[in-house]
Structure formats: structure tokens, C-alpha cells
Amino acid sequence: MTEDQNINLIFAIGALVLVGSALFSRRLGLGEIIRSILGWLAIFALFIVGFSYQTEIRAIWSRVSGELTGSNDQQIVGETLRIRQSADGHFWINGVVNGTPIRFLIDSGATTTAMTLSVAEAANVDISSSPFPVLLSTANGSVEAKRATIQNLQVGPMIARDLPIVVAQEFGGSNVIGMNFLSKLQSWRVEGNEMILEPPSSSLAQ
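For the sequence shown, our numbering gives the first residue as 2, with consecutive numbering after it.
Right, here's the structure in full:
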């Protein structure tokens with residue numbers, strides 16, 4: 002048994018002794034005492050199980066509540082990041098760029114991570130070193146963009162440093178995490194309505 006399990010067992014035994022003493026002091030019948038003890042045993046068993054598996058129970062509750070509310074959720078399980086599919090069929094994730102929270106669409110069809118001009122400026126991404134635009138082909142046609150570098154992009158437990166990106170106002174309201182980030186991971190996959198991102202052994206995407 003682990004140390005936590007030993008502590009739980011000692012706590013349960015002590016509580017049962019107190020409950021038993023209280024029941025006997027009330028001079029109840031033997032049958033009523035047995036029923037009361039069994040009831041308290043069930044309560045303490047549920048408490049111990051709940052305490053021992055609190056991490057797993059939280060994960061299950063988060064998944065069930067997300068399904069009931071229809072909300073898009075992301076959670077860290079161990080070192081992996083699990084992202085629930087949103088109502089529009091895409092996977093959206095909350096990231097942090099240079100300390101600024103930013104919402105991203107994960108797009109495995111995009112070669113390079115992309116940001117809109119206004120969001121890049123808000124996150125202090127320097128685009129001045131890219132004097133000449135590059136022409137990109139998107140679903141909405143050709144777009145002129147500038148190359149830049151993100152100093153730090155954090156997504157859950159994963160951090161990418163000096164990540165090349167493209168910036169353009171014509172990207173609309175969507176910021177995209179592309180394959181130049183996903184390819185740095187140990188693995189990424191879709192299981193049912195969840196996308197699972199697994200960091201490399203160093204826990205950093207560098």
C-alpha cells in the first residue's frame with residue numbers, strides 16, 4: 002500500500018471506532034447497530050475511493066460536463082493535452098504568445114503557423130525584419146503575408162521557441178497552428194471527438 006492509502010486506512014479505522022463507540026453508547030439493538038455500521042462502512046469506502054481516484058474523477062467529470070454543455074474544452078492529462086472538438090467541427094486551442102493569450106485553430110493542412118496582423122502586433126511579434134511580402138495560397142485565394150518569428154508559443158505543457166510564422170491582415174479572424182508546430186511534438190492524433198497532443202520527451206517543442 003502507498004503512504005496515502007495507509008493514511009486513508011488509518012483515518013477510516015479511527016472514524017469507524019468513533020462511530021461504533023457512539024452507537025454502543027446509545028444502547029441500540031444489535032441489528033440496528035449492524036445496519037448503521039454497514040451504512041458508515043459504505044460511506045467511508047466511497048470517500049476513500051473518491052480521494053484515491055480524484056484525478057481520474059475530475060477528468061471524467063470534465064469530459065461529461067463538456068459533453069452536456071457542448072463547450073469546447075482542453076485539459077492536460079499527464080503530459081498530454083486533450084482538445085475537444087468544437088461545434089464547428091474544428092479543434093480550437095488557447096495558446097500564449099510572448100505572454101499574450103491567443104485563440105488558435107489547429108490546422109494540419111497549414112504548413113506554417115499563421116497570425117493576423119492585429120493579433121501579432123498585440124503579442125509584440127516583430128514583423129519589421131520582413132521587408133518583402135510572400136505570396137501564400139489559402140482556401141480564400143492568394144494572400145500577401147510577412148514572415149516573422151514567435152519568441153515563445155505555449156500550448157498547454159508545450160513550449161515552442163523561435164517558431165517561424167507568417168502574418169497577414171487578410172487571414173481574417175483566425176490564427177492558425179500549422180505543421181511547423183505539430184511536427185515538433187512526439188505525436189498528435191484524433192480519437193473520436195478529441196485531438197491529443199503529446200510533447201517530446203523534453204516536454205518542450207523546440
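Just so you know, even glycine gets a beta-carbon here, dropped at the ideal spot from N, CA and C.
In this text the structure is predicted, and so the values were computed from the model without any measurement.
| Should G193 go down as buried or exposed, given a rule of 16 or more other Cβ atoms within 10 Å for buried? | exposed
Practice prompt. Would you mind reading off the limits of the beta strand (DSSP E) that contains F105?
Written response: F105 -> beta strand (DSSP E) spans T101 to I107.
Report all residues from its chain with a CB closer than 6 Å to the CB of K147; omit the five preceding and five following residues, and keep chain order. I128, S131, P134 and V168, listed in sequence order.
- Could you check which residue in M159, G157, M116 and F172 has the C-alpha nearest to that of S143? F172
Self-check item: Cα-Cα separation, S53 to A43
Solution: About 15 Å.
**Report entry** A149 and I160 closer than 7 Å at C-beta
**Finding:** no
- prompt: Opposite G179 in the DSSP bridges: which residues?
  reply: Bridge partners of G179: none, in fact.
* Asked: Ordered along the chain, which non-local residues of its own chain (more than five positions away) have a Cβ less than 8 Å from that of Q170?
  -> T117, L118 and S119
| From M196, T113 and F105, residue whose alpha carbon lies closest to that of G179 | T113
Nearest-angstrom Cα distance between I107 and L47? 40 Å
Quick one: grab the DSSP three-state call for G32.
helix
**Where S138 falls: helix, strand or coil (DSSP)** = strand
ask   = What is the DSSP secondary structure of I151, reduced to helix, strand or coil?
value = strand
*Who are G95's beta bridge partners in DSSP?*
With the sequence shown as reference, residue 95 is identified as Asn, and Gly is not the correct amino acid for it. According to DSSP, N95 bridges with R104.
- With 16 other CB atoms within 10 Å as the buried threshold, where does I35 fall? Around the beta carbon of I35, a 10 Å sphere encloses fewer than 16 other beta carbons of the protein chains shown; the residue is thus reported as exposed.
(Q) Does G157 pass the burial test, meaning 16 or more other C-beta atoms within 10 Å, or should it be called exposed? (A) buried
Could you check the C-alpha separation between P201 and G32 for me, to the nearest Å? Spanning the two alpha carbons is a distance of roughly 60 Å.
Point to revise | Spatial distance of S184 from G40 (CA atoms) | key: 54 Å
6 Å CB neighbourhood of V98 in its chain, flanking five on each side removed:
If we look at V98 and ignore the five residues flanking it on each side, its Cβ neighbours are A124, I151 and L154.
query = Whose C-beta lies closer than 6 Å to the C-beta of L137 among residues of the same chain, with five residues either side of it excluded?
reply = Correct list, in chain order: V144 and A146.
* Tell me, to the nearest whole angstrom, how far the beta carbon of F105 is from that of V191; I am working on the premise that it is less than 8 Å. => Not a contact, Cβ separation roughly 16 Å.
With burial defined as no fewer than 16 other Cβ atoms inside 10 Å of the residue's Cβ, what is the status of G100: buried or exposed?
Burial state of G100 is exposed, judged by a 10 Å Cβ sphere holding fewer than 16 other Cβ atoms.
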